[in-house]
Structures are given as structure tokens and as C-alpha cells.
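To keep things clear, I will list the structure first and then write my remarks on it.
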Amino acid sequence: MIGLTIKHQITEWLRLATPALVSLLLLLISIAPWRPFDAPLGGSLVAASIFYWTIYQPEAMTPWVAAFVGLSSDLLGLSPMGLGMLVAIIVCGSGQFWRQHLADASFVLVWLAFAATSAVIFFFAWALAALILEQWPDPWPIALQNIVNVALYPVLTLLCGRLQRALFDQ
Amino acid sequence: MKQRSSAIGATSPLKVWFQRFSFVLLTIAAFGVLLIGKADTVMLSRARVWVADTVGPFIHVVSAPVETARETASEVQSYFALKQRVEILQRENQALRDWEQQARTLKAENESLRALLNMASSPRISFISAPVIADASSGFVRGVIALAGRDQGVVKGQAAMVGNGIVGRVQDVGERVSRIMLLTDINSRLPILIERTRDQAVLAGNNSDQPDINYLPRDADIKVGDHVVTSGVGGAFPRGLPVGEVAEIVDGKVYVRPFADLGRLEFIRMVDYGLPGVLKEDLGVEAGVQKFAKPAAAPVQLPRPAKPAATTPKLKPTEGLAQ
Numbered sequence: 048m049i050g051l052t053i054k055h056q057i058t059e060w061l062r063l064a065t066p067a068l069v070s071l072l073l074l075l076i077s078i079a080p081w082r083p084f085d086a087p088l089g090g091s092l093v094a095a096s097i098f099y100w101t102i103y104q105p106e107a108m109t110p111w112v113a114a115f116v117g118l119s120s121d122l123l124g125l126s127p128m129g130l131g132m133l134v135a136i137i138v139c140g141s142g143q144f145w146r147q148h149l150a151d152a153s154f155v156l157v158w159l160a161f162a163a164t165s166a167v168i169f170f171f172a173w174a175l176a177a178l179i180l181e182q183w184p185d186p187w188p189i190a191l192q193n194i195v196n197v198a199l200y201p202v203l204t205l206l207c208g209r210l211q212r213a214l215f216d217q
Numbered sequence: 173m174k175q176r177s178s179a180i181g182a183t184s185p186l187k188v189w190f191q192r193f194s195f196v197l198l199t200i201a202a203f204g205v206l207l208i209g210k211a212d213t214v215m216l217s218r219a220r221v222w223v224a225d226t227v228g229p230f231i232h233v234v235s236a237p238v239e240t241a242r243e244t245a246s247e248v249q250s251y252f253a254l255k256q257r258v259e260i261l262q263r264e265n266q267a268l269r270d271w272e273q274q275a276r277t278l279k280a281e282n283e284s285l286r287a288l289l290n291m292a293s294s295p296r297i298s299f300i301s302a303p304v305i306a307d308a309s310s311g312f313v314r315g316v317i318a319l320a321g322r323d324q325g326v327v328k329g330q331a332a333m334v335g336n337g338i339v340g341r342v343q344d345v346g347e348r349v350s351r352i353m354l355l356t357d358i359n360s361r362l363p364i365l366i367e368r369t370r371d372q373a374v375l376a377g378n379n380s381d382q383p384d385i386n387y388l389p390r391d392a393d394i395k396v397g398d399h400v401v402t403s404g405v406g407g408a409f410p411r412g413l414p415v416g417e418v419a420e421i422v423d424g425k426v427y428v429r430p431f432a433d434l435g436r437l438e439f440i441r442m443v444d445y446g447l448p449g450v451l452k453e454d455l456g457v458e459a460g461v462q463k464f465a466k467p468a469a470a471p472v473q474l475p476r477p478a479k480p481a482a483t484t485p486k487l488k489p490t491e492g493l494a495q
């Protein structure tokens, strides 16, 4: 009985921690010293991960968790301090908004919703970065990061979906 | 049921309040972090160093399979291009031998001239080689994290180089890792010199692969292909370190392609030229700055070739670091 309770608690803890851990792992993988393109992609996939988990595991990807992941990205030096945190909060908020409207929608619609979110984030992040840095940064690397996020969203969905099923759908 | 509702009643108002206003609270907090990051760069730098130091070993582990895959791919590639590579290396070797001969002659000549002028010898150069464990670049910043820190003798402000040119400077130093700000980072400013025309200017990063040149004289006659080297102004780096070449000139704006391939850095060298460096005094708050003898309020000076021995900073060679 006690064993079952402990197992249940561990599973519950894992269920709640997995979205944050996956997002942080993706953050670390994205800064591996290897570039498939001639453009920096540090922090890519983090927004996609936050969006995915907000839609499919909202009780585990709360705004607080999203903010923590964003702050981790800032502390790793991938964006001006606070910017990654703000972006993560917006992605989480957007995920919560779309979740209400896309409850039984097909994957393509969810993907499109993420693409729309990414477009908004691009303009927001670019403008805010310009304000923080007091000069206009080159928009292309920021745009590319968002494009990669959107392009890899199906792969992320596939992998995270399998992980979710393997861990929790028993 | 009654018990449950009373328990919820005891905790839920606060929880509900937090949940309801979490977005507002977090957005305010994020703007607070943003302002703190803008106002207190020292605290920010310390926090980032602490995080890099803590996650450094994890990053190394996570990036290890990627590194292995890259090495394997590169080995397979180089195996197929072996014959061609040997020919290139033989030609390069011959050219380097010629250069070596010239360098020896120049060194001997230099020494005799120095002796003639009674000049003090240049401060000893020390360097630390380190693997790059993370490409901490994104759309907003350009930097890398190297697996060498204060324990290995890395000091804030040191030049970061690869074989064919400067890549940036040490921005933050932790115990085990250090963060390098690349030349292409939007906050990077490097005093440079156009080798052919001797025009001095500042190379400013813009988060693209080609930083641009600011403060060029109006009458500067710059051409595509001109070599750009450090000017030594500010005393952070010595004069003459290779930086890059002029890649294009668009609407009067001169863009430079760095010699070093900043997107594929595997190993870098942190080089201490023993210069006091205005950047160190402005930004240096970490240990190691005190080993430079120059007072903090010293004015910016152009490096002088002939300094009396008493004012030349003497540096200890970095211990057990040269690889």
C-alpha cells in the first residue's frame, strides 16, 4: 500500500516535472556547439516546447514554470535579461488562449496557431530587444529562430507525444 | 466533504488570487528583471557566471554526443579528401618555412635594435586553450562558453583567439567556465585599423555574421578585401591582431568578414598580452583585475612602442596552462 502510494507520488511528480525538464533539456541541446545552418539557434525549440506542454499538459506548464524556463534562457545568456522570460510568459498565455479554442482541433490547426504565436513573438521580441539594446538588431537571426521553432514543431509534437504516452497513459 | 471544502477554503483564496493574476504578476516581474538587468550589470554578470558554472558540466555532457557526431562526420570527410589535403598541407608547410626563416631574421634584427635603444622587453604573453562547450548565441546575442575559468587562469577582458584571428573577448569568468563575447555581438566594440590605409576606426557587432565599421574618417579609401587588424587603442588588445577583411561596402557602410569561422568554434585560446586594458577597468570586478598595476582612473592611451621598464606591467606566466 505504502509502496503504491510512493509510486503514485513519484509518477505524479514526474508528470508535473516532465514539461519543465524537457524544456530545459531542449535549452541545453540548443546551445550545443554545432550549427546545422549558418545561424545561431540558441534557445530554439524552447518556445515550441512551452506551447506544446501548455496545450497538452497545462497543469504542469503553468505561467510560473514557463517564466522559470524563460529566465533560465536569459541566465544562460541567450537573450537580454528578462526578454526570454517575457517571451515565455506570452507563449504560455497564447497556449492557454488557443487551448480553449482548439480543444478538439486537428494538429494542423494547432500548428497554425503556434505559427501565429511565433509571428507575434518575433515582432514583440525584436522591438523589445531594440528598446533594451538601444539600437535595431538584425531581424533575420530572430526571424530564423522563430521559423526553426515553427518548422520543428511537428517533430517536437511527435517526440513529446510519445514521451507523454509512455510516461502517463498506462 | 465538509472537511475538504474547509481545507480548500483555508488555502484557496491566495492560490486562486495567484492563479488569476499570475500573468500580470509574472509580466511585472519580467519587466523588473529587465530593468535590473539594464541597471545592475555586475549583479547580472555574477548571476550568469554562477549559472554557467553550475550547468557547465551538464552542457558538456549534453553536447558530447553532438561533438562525437561532428568529429565522426569530419573524419569521414577528411578521409575522402586525404590526397588533396596532403598537397595543400605540403604547400602550406613550404610557405610557413619561408615565413619562419623571415621571422627568425626579423626577431634577431628586432632584438639587436631593442638592445641598441635600451628598450624594455614586451610583457610575457600567456595563453589558455579551452574547448568550446556551448554556442550561447541566439537572435539577440553572439557568444560561446569555454571550458576554462578562473581556476585555469582566465581573466575578464582577455582576447579570445583561434589560429587565424581574434574571435572576441572574455566577458565573464566563472570558476570552471568563461563566457566569450564574439566580435559579432551587438554589444561588441573593437578598436581597429585598416592595414592598407592605416585608418583607425571601431568595429561594431550587429548580431549578423558581418560586423560593420564605425567612425571611419570621411576621406578613408576602403576597398573590398582590405585587411582589418586591431589598432591597440584603449589598451585592451595589442596592435596588429588579425580581425578580418572588408567583405562589402553598402551605402557607405563597411562590413567586415572575420577571419575566424565564428559559427564553428571548437577550441579557443584566451590570450593575456599583459596590457592593462580600459575595458578591464570599466567592467572588471572579478578577481584577477588587481594583478594589473595601472590605477582604475588612468586615462585611455594609445599603446606606445617604447615604455620604460618600470611602467611595463609584469605578468606571471599562467601556470600549467599552455596546451
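Going down the list, the sequences are from chains A and B. The numbering of the first sequence is this note's numbering, which starts it at 48 and goes up by one. The numbering of the second sequence is this note's numbering, which starts it at 173 and goes up by one. For every residue, glycine included, the Cβ atom is placed at its ideal position computed from N, Cα and C. No experiment lies behind these values; they were computed from the predicted model shown.
Sheet register partners of residue i (DSSP bridge)
i	result
Asp384 (chain B)	B:Ala376, B:Tyr427
Ile142 (chain B)	Because chain B in this structure spans residues 173 to 495, residue 142 (chain B) falls outside the shown range and cannot be described.
Val400 (chain B)	B:Ile366, B:Gly416
Met215 (chain B)	Looking at the DSSP assignment, Met215 (chain B) forms no beta bridge with any residue, so it has no partner.
Ile300 (chain B)	B:Met442
Gly129 (chain A)	Answer by DSSP bridge pairing: none, since Gly129 (chain A) is not bridged.
Met333 (chain B)	B:Ile338, B:Arg441
Arg257 (chain B)	DSSP, once it has assigned bridges, lists no residue as partnering Arg257 (chain B).
Asp344 (chain B)	B:Arg351
Val422 (chain B)	B:Lys425
Arg361 (chain B)	B:Ala376
Residue i versus the options, residue with shortest Cα-Cα distance
i	options	result
Arg348 (chain B)	B:Pro363, B:Pro430, B:Gln324, B:Trp271	B:Gln324
Phe98 (chain A)	A:Leu123, A:Leu159, A:Trp187, A:Pro188	A:Leu159
Ile189 (chain A)	A:Gly129, A:Pro87, A:Leu206	A:Pro87
Gln430 (chain B)	B:Asp344, B:Ala392, B:Val401, B:Ala202	Strictly speaking, residue 430 (chain B) in this sequence is Pro, with Gln absent from that position. Comparing Cα-Cα distances from Pro430 (chain B) to each of B:Asp344, B:Ala392, B:Val401, B:Ala202, the minimum goes to B:Val401.
Gly204 (chain B)	A:Ile76, A:Pro127, A:Leu149, A:Leu205	A:Pro127
Phe154 (chain A)	A:Gly117, A:Val134, A:Phe171, A:Leu203	A:Leu203
Arg218 (chain B)	B:Arg192, B:Val405, B:Arg351	B:Arg351
Gly412 (chain B)	B:Glu367, B:Lys255, B:Lys395	B:Glu367
Leu71 (chain A)	A:Trp145, A:Ala107, A:Gln143, A:Phe115	A:Phe115
Lys395 (chain B)	B:Val415, B:Ala419, B:Gln266	B:Ala419
Same chain only: Cβ atoms within 8 angstroms of residue i, ignoring 5 sequence neighbours per side
i	result
Asp225 (chain B)	Gly321, Gly346, Glu347, Arg348, Val349
Ala174 (chain A)	none
Val138 (chain A)	Ala94, Ile97, Phe98, Thr101, Ala113, Thr164, Ile168
Lys54 (chain A)	none
Val134 (chain A)	Ala94, Gly117, Ser126, Ile168, Phe171, Ala172
Leu216 (chain B)	Ile208, Gly209
Ala64 (chain A)	Ala107
Exposed unless 16 or more other CB atoms sit within 10 angstroms - verdict on residue i
i	result
Tyr387 (chain B)	exposed
Lys328 (chain B)	buried
Asp371 (chain B)	buried
Pro218 (chain A)	Past the boundaries of the shown model lies residue 218 (chain A); chain A is included only from 48 to 217, so the question cannot be answered.
Pro237 (chain B)	exposed
Gln192 (chain A)	buried
Ile200 (chain B)	exposed
Asp357 (chain B)	buried
Arg220 (chain B)	buried
Asp384 (chain B)	buried
Thr61 (chain A)	A quick correction: the sequence has Leu, not Thr, at residue 61 (chain A). Leu61 (chain A) is exposed by the Cβ-count criterion.
Val214 (chain B)	exposed
Arg276 (chain B)	exposed
Contacting residues, own chain, Cβ-Cβ under 6 angstroms from residue i (five flanking each side not counted)
i	result
Thr58 (chain A)	none
Ser141 (chain A)	Thr164
Asp307 (chain B)	Val316
Ala176 (chain A)	Pro184
Tyr445 (chain B)	Ile297, Pro410
C-alpha gap between residue i and residue j, whole angstroms
i	j	result
Pro66 (chain A)	Val342 (chain B)	34 angstroms
Leu199 (chain A)	Leu123 (chain A)	22 angstroms
His232 (chain B)	Pro303 (chain B)	10 angstroms
Gly228 (chain B)	Arg390 (chain B)	46 angstroms
Lys187 (chain B)	Leu434 (chain B)	48 angstroms
Phe169 (chain A)	Val197 (chain A)	12 angstroms
Gln147 (chain A)	Pro105 (chain A)	11 angstroms
Ala287 (chain B)	Lys279 (chain B)	12 angstroms
Glu417 (chain B)	Leu178 (chain A)	31 angstroms
Gly337 (chain B)	Ser380 (chain B)	18 angstroms
Leu149 (chain A)	Ala162 (chain A)	14 angstroms
Pro110 (chain A)	Trp145 (chain A)	15 angstroms
Ala332 (chain B)	Val339 (chain B)	6 angstroms
Ser91 (chain A)	Ser284 (chain B)	57 angstroms
Trp189 (chain B)	Phe195 (chain B)	11 angstroms
Asn282 (chain B)	Met132 (chain A)	56 angstroms
Nonlocal neighbours in the same chain, by C-beta distance under 7 angstroms from residue i, ignoring five residues either side
i	result
Gln330 (chain B)	Arg341, Val342, Met442, Val443, Asp444
Asp393 (chain B)	Thr369
Arg257 (chain B)	Ser250
Val426 (chain B)	Asp384, Ile385, Leu388, Ile394, Val418
Cβ-heavy atom distance, residue i to the ligand HEM, below 6 angstroms
i	result
Phe203 (chain B)	Of the ligands one can find in the structure shown there are none, so the ligand HEM has no counterpart to examine.
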